[in-house]
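Chains as they are written, first to last, in my numbering: chain A, 262 to 908; chain B, 262 to 908.
Yeah, the Cβ is synthetic: ideal placement off N, Cα and C, and Gly gets one too.
Just so we're clear, the structure is a prediction, and the values are computed from it rather than from any experiment.
2 protein chains.
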Amino acid sequence: MNSVKALNLKNIKSGDNSLLGKRVHTVLNNTLSYQWEALNDQVPDAPKSGSVNNFRIAAGETTGEHYGPVFQDSDLAKWTEAVSYSLALQNNDELKIHLDEAINLVVKAQKEDGYLNTYFTIKEPSGRWTNIRDKHELYCAGHMIEAAVANYEVTGNKALLNVACRLADHIYSMFGPEPTKRHGYPGHEEIELALVKLYHSTNERKYLDLAHYFIRERGKAPYYFKIEAMARGEAKLDELWDPSKLEYFQAHVPVTEQEAIGHAVRAMYLYSGMADVAMETGDEALMQACRRLWDDVVKRKMYITGGIGSTSFGEAFTFAYDLPNDTAYTETCASIGLIFWAQRMFKMEQDAKYIDIMERALYNTVFAAMSLDGRKYFYVNPLEVWPKACHKREDHRHVKTERQKWYDCACCPPNIARLLTSIGKYAYALDEDKNTLFVNLYMDGQIEFNLNDKGITLKQDTVYPWDGNTSFTVASNTTVAFSLALRIPDWCKKWSIKINGQEIQEYETNKGYAMITRTWGKNDKVELTLDMAVMMMRANPEVRADAGKVAIQRGPIVYCAEEADNGPNIANIELLPEPNFAVMYDEELLGGVCYITAKARRAKVDNYDGLYKETDNDYEETVVKLVPYYAWNNRGEGEMMVWLRQA
Amino acid sequence: MNSVKALNLKNIKSGDNSLLGKRVHTVLNNTLSYQWEALNDQVPDAPKSGSVNNFRIAAGETTGEHYGPVFQDSDLAKWTEAVSYSLALQNNDELKIHLDEAINLVVKAQKEDGYLNTYFTIKEPSGRWTNIRDKHELYCAGHMIEAAVANYEVTGNKALLNVACRLADHIYSMFGPEPTKRHGYPGHEEIELALVKLYHSTNERKYLDLAHYFIRERGKAPYYFKIEAMARGEAKLDELWDPSKLEYFQAHVPVTEQEAIGHAVRAMYLYSGMADVAMETGDEALMQACRRLWDDVVKRKMYITGGIGSTSFGEAFTFAYDLPNDTAYTETCASIGLIFWAQRMFKMEQDAKYIDIMERALYNTVFAAMSLDGRKYFYVNPLEVWPKACHKREDHRHVKTERQKWYDCACCPPNIARLLTSIGKYAYALDEDKNTLFVNLYMDGQIEFNLNDKGITLKQDTVYPWDGNTSFTVASNTTVAFSLALRIPDWCKKWSIKINGQEIQEYETNKGYAMITRTWGKNDKVELTLDMAVMMMRANPEVRADAGKVAIQRGPIVYCAEEADNGPNIANIELLPEPNFAVMYDEELLGGVCYITAKARRAKVDNYDGLYKETDNDYEETVVKLVPYYAWNNRGEGEMMVWLRQA
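Here it is in structure tokens:
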């Protein structure tokens, strides 16, 4: 059993001076109510969801056909989870009414035996559990369990938790090692990590055992997906299958023998569940697999934005160093899954390197996936966009040039909402055994926690990441000895720490944390200053797409050039060898950002009448303006590039 | 009526010292007999053709099912055309026997009313002319007509020409402006240019009229393809169609209003037919359209290799400057079509700029499409290959990393054969009115022609393009006044001309030709020296795929870096600012080529543990070896790149 825990969300308050706090407040104030409208098919000109209506039908409150993909239930589940979290941060009577309505529908839609899935209930009642490879029953169950655990944690209400337990009990009766049960595992992983959460909420060991079983059974021959397909009479089709087809599901070999492969979101949810189960059970082989898979993802298969999954075909990983910028898939949910996994790996190892990746994925891909107003979303997050190519090239068809109001497959929008409303669980962690509070993500606000049986209130002030100054002040009256572990991000080469105005040198730095151990009392103040220089980042020369290019990063923020600032054909811009970066904060720009200017040049186009010639190009010098990648495309359709050439 | 004519192939002999001559001899000695085997399904491990067997079935000599795509007849037709040409260059008793066999089958397969198409005859006799949009009947007819004209020109035998006339008469009875006829045009253009050839062979004006009709009717509303689909009962499907769907066929607007769009091979065959018809009829609007379309292709939509059609989706043009190197489609047949069109544009304007493009497409894409031994072929001709990506990325799936023995859709291999066996028609042209012989492509050999009612024999000696020296010697006894128009290629900045050992200055240079006008007598000798420096070519800065890169060209040959010479990860190579190019001829290398070495550097990979960091790269200097692009992949699978970065 691991002693590192997240705080209860009820003990975390978020301000909105920091970027992270601002984004959380956008979700609280705009996104959650908007998404309720979307799930109720009330957003004009948006793709229909059907998610709430499917539950209405399954609950017997109306009649009609199931609408949308088989996994449509998960959208309402994720929204329910997000709203539950939100109530810990900010009361909202209207959302509470919607939440009650949603929970009531779910309760009514559950069958007597605990089964819960509107697709099968409405459309194919006899088809339950006949195709767990493709039909997402266990995936939807996982999301409902997560929603229930969240709702119970924040509200103390057990209605949804009871639904989750009855559903999990039903699944436990169907799957497991016993000869009478099915020896299967989900086509889309998710329930594994959810069962561990349910175990934490209920202390029912069987939920953990089932999660462990799903993970350890996965990928063993004879393949359950094949057995299941043959039982459906699809033997002939199935004969065509080979292990490479199973890679999509991470089901071709046991998880301990895998590299990062297949559908990226599934992979992230699986690895998160693996880490959870490994920590709870002490399964060392699973822990080793997690560490190995982590390195495979972050050292070979991840974009600088924390995006993962470089092909639209199967929404999948391809192979090491294959990271094209313009046809990237980099699904929002995959980066969210990477954040889930990073949180667990941190818990396993208390190493800030996992949080460095979490922060990269959060501040770049996840933030980019939602418009500044919180009401439009990207599913795919490319690092380079030429709108013409997206409109006219079939191989760019998956790249949307503008955020969308909703999607036919709308997994991403409510996933952003549930991540950001629960971000406090990622920002802080408590190790009670070691008397340590970890500060992982910097955001203004206030937290309450107990160490040495004493309650502490700690206030954080920061405008992170626009400057590198963050302060912590003890607001409670208690006097407590504990360690404050401040993450020193991997991008930071120089930092200083003051206590009550005096710079200190005597502290240990361990696995990326400055460990400040002392007896803390009221009004004690720590000031952390992180040097936040503009960095020219290069990619490993094995990454062909980035050869000869640099990406500009400051703090955790990756920058990009947009047509809105630099005119068309930004691919023709190259930074000068000495770009003389200048950083300016503009509160009017893109919700308030630091932008960066750099000296650059462009080849003159009017030098050409046609396509090719022997020439030294003529150049004109220019100044390129760079804005945070996450804020791109908030000023209409246009070109965008992260990786820039340098002369 | 245009006064510029190609020579009869019987009056052209080719040596094999020049690269072009060598490639022609490879086709004569290896390719034609190999392709007969392929068409007869006798090549082990190659995709089945069925083309000859389909004719056997249609001819009643055997029974069975039609095999392959609806256009499979065209493969045998193109082979028949190629072998017919070949007999003018080199006798081959075995090929003659096969040719007679092929012609006999075609004669027998023709129906009494002149109809000829094995697919419909065998498989769908009632479906004739019900779907000229998709079923390629007019396309196959066009190829059979071209074969017949070629066979008649070389052999004087009328058997196949009669088949062609009866077929064309049948088509004439079905299509045309008269109210009783169908107001259609082919889904895949080809018959237009074939009908003009048949008109030249027979002097039957109606063939020209029908070609003119097909071209001028094309793209008019109401759309014939829609009318036809409704007649087939596909109205519902057809309602979904909009003009953008018709762009694939170049059938969305009249040809005079089009930009270069849609399926690239269809476009080239159409434009070739347009130029033919325009010249014969004096249709000035068509001529203008040809000139405009030419500029659109060569100034905005063509690779430096003369490849065209930058997307696999629809094998099509996309939009201006969209020229990705690794996902290029650049079908072999499209570049062959570009050569056909260039020949006609030259005829129309007597401007060498068209031949410059012809030479670029011939020496790079078309030569690259056939292995050095003439027995393996590329359909797709990328400018950059990373084999892993081709094997593992769905969006690279069309890019084969090695030439193939045959294809399920095998349009390209026999197209290369018929082009190269008839290349003399492209190398020379005669303007009898202006008493001028044009030399367009340099290849060693000998030609006979008449000017001023006198016969002249002219010998050409050259190892072009390995050096820039070419000489012409009058080998006949006659004394004749005429102009020798020697093409000065666009890549040549400096040249000199000697007559009988004396350098001359007094000659006109007009539209890319050095016009040497004099009275020629026996043993008169002209020596042309073209300066052949190594050039660093750059692309128009609108071409994003080539931004910051150079392509190395010497003479007409575009060079590439291959893994075979430079090890893996060639994308990590960048030329130094002063590459100090050295050119060496190696008769052992790739059938005898000039290779080029250049100073370059590579970023050190061992500097990285992971993906991204703030760093100035460490480099190691290296020498990169470049080989002609056309010769790539003759040493096994490996990486290849044409456009290289420069430090």
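Contacts around residue i, its chain only, beta-carbon distance under 8 Å, and the 5 residues preceding and following it disregarded
i: A/Val538; result: Glu453, Val457, Leu469, Ala472, His473, Ile476, Asp544 and Leu547
i: A/Tyr413; result: Lys419, Leu421, Leu422 and Ser462
i: B/Leu501; result: Caution is warranted here: a pLDDT of 49 is assigned to B/Leu501, below 50, making its placement in the model unreliable, and the coordinate value is therefore given only provisionally. Excluding residues within five positions, none has a Cβ falling inside 8 Å.
i: B/Val415; result: Leu270, Lys271, Ser345, Tyr346, Leu348 and Ala349
i: B/Val516; result: Ile476, Arg477, Arg479, Gly480, Leu531, Met535, Leu547 and Ala550
i: A/Lys865; result: Asn878, Asp879, Tyr880 and Glu881
DSSP state of residue i mapped onto helix, strand, coil
i: B/Gly899; result: coil
i: B/Ser310; result: coil
i: A/Phe332; result: coil
i: B/Tyr768; result: coil
i: A/Arg906; result: strand
i: A/Glu709; result: strand
i: B/Gln814; result: strand
i: B/Asn730; result: strand
i: A/Trp340; result: helix
i: A/Trp602; result: helix
i: A/Tyr380; result: helix
i: A/Leu644; result: coil
i: A/Tyr869; result: coil
Opposing strand residues paired with residue i [DSSP bridges]
i: A/Tyr638; result: A/Met631 and A/Gln665
i: A/Met563; result: A/Ile569
i: A/His327; result: DSSP lists no partner for A/His327.
i: A/Met845; result: A/Tyr856
i: A/Lys715; result: A/Leu712
i: B/His207; result: This structure leaves residue 207 of chain B out entirely; chain B is present only between 262 and 908.
i: B/Arg443; result: B/Phe436
i: A/Thr723; result: A/Thr731
i: B/Lys786; result: B/Thr734
i: B/Gln303; result: BP columns for B/Gln303 are empty, so no partner.
i: B/Lys759; result: B/Glu764 and B/Glu788
Same chain only: Cβ atoms within 7 Å of residue i, ignoring 5 sequence neighbours per side
i: A/Leu739; result: Note that residue 739 of chain A is Thr in the sequence shown here, rather than Leu. Closer than 7 Å at Cβ, skipping near neighbours: Lys715, Gly716 and Ile717.
i: B/Arg317; result: Thr323 and Leu366
i: B/Thr572; result: Thr579 and Tyr590
i: B/Val804; result: Tyr582 and Leu584
Residues near residue i in its chain [Cβ-Cβ closer than 6 Å; skip 5 each side]
i: B/His431; result: Asp374, Gly375 and Tyr376
i: B/Thr287; result: Gly635
i: B/His397; result: Val331, Phe332 and His449
i: B/Lys686; result: Ala267
i: B/Phe607; result: Tyr615 and Ile616
Against chain A: residues of the stretch 286 to 301 of chain B by CB proximity under 8 Å: Flagged: no residues at all.
Interface positions of the stretch 647 to 663 of chain A facing chain B (Cβ-Cβ less than 8 Å), listed along the chain: In summary, the residues of the stretch 647 to 663 of chain A whose CB is separated from some CB of chain B by less than 8 Å are Trp647, Lys649, Ala650, Lys653, Arg654, Glu655 and Asp656, in the order they occur in the chain.
Touch test, the stretch 645 to 660 of chain A against the stretch 266 to 286 of chain B, Cβ-Cβ under 8 Å, three pairs minimum: Taking 8 Å as the limit for Cβ pairs, the verdict is that the stretch 266 to 286 of chain B does not touch the stretch 645 to 660 of chain A.
Under 7 Å (Cβ pairs) to chain B, residues found in the stretch 823 to 841 of chain A: Cβ contacts with chain B: Asn830, Ala832, Asn833 and Glu835.
Members of the stretch 853 to 885 of chain A that neighbour chain B once the beta carbon cut-off is set at 9 Å: Those residues of the stretch 853 to 885 of chain A that come within reach of chain B (Cβ to Cβ, closer than 9 Å) are Arg863, Ala864, Lys865, Val866, Asn868, Tyr869, Asp870, Gly871, Leu872, Tyr873, Lys874, Glu875, Thr876, Asp877 and Asn878.
Chain A contacts from the stretch 792 to 807 of chain B (Cβ-Cβ distance under 8 Å): Considering only beta carbons, the part of the stretch 792 to 807 of chain B lying closer than 8 Å to chain A consists of Met796, Met797, Met798, Arg799, Ala800, Asn801, Pro802, Glu803, Val804 and Arg805, in chain order.
Validate contact between the stretch 879 to 889 of chain B and the stretch 298 to 316 of chain B using beta carbons, cut 8 Å, 3 pairs: Too few Cβ pairs lie closer than 8 Å, so no.
The stretch 275 to 295 of chain B / the stretch 717 to 727 of chain B touching (three or more Cβ pairs under 8 Å): By the C-beta criterion, the stretch 275 to 295 of chain B is judged to be in contact with the stretch 717 to 727 of chain B, since at least 3 inter-stretch pairs fall below 8 Å.
The stretch 701 to 715 of chain A contacting the stretch 605 to 619 of chain A, beta-carbon criterion three pairs below 8 Å: Cβ pair count under 8 Å is three or more, so yes.
Cβ contact (3+ pairs, closer than 8 Å) linking the stretch 843 to 863 of chain A and the stretch 888 to 906 of chain A: Touching, yes.
The stretch 706 to 713 of chain A touching the stretch 670 to 682 of chain A, judged by at least three CB pairs closer than 8 Å: Verdict: no, contact absent.
Touch test, the stretch 747 to 755 of chain A against the stretch 786 to 801 of chain A, Cβ-Cβ under 8 Å, three pairs minimum: A contact exists between the stretch 747 to 755 of chain A and the stretch 786 to 801 of chain A.
Near-chain B residues of the stretch 558 to 574 of chain A - C-beta to any C-beta below 9 Å: Within the stretch 558 to 574 of chain A, those residues whose Cβ lies closer than 9 Å to any Cβ of chain B are, in chain order, Val559, Lys560, Arg561, Lys562, Met563, Tyr564, Ile565, Ser571, Thr572, Ser573 and Phe574.
Short-range partners of chain A found in the stretch 436 to 456 of chain B, where Cβ spacing is below 7 Å: Listed in sequence order: no entries.
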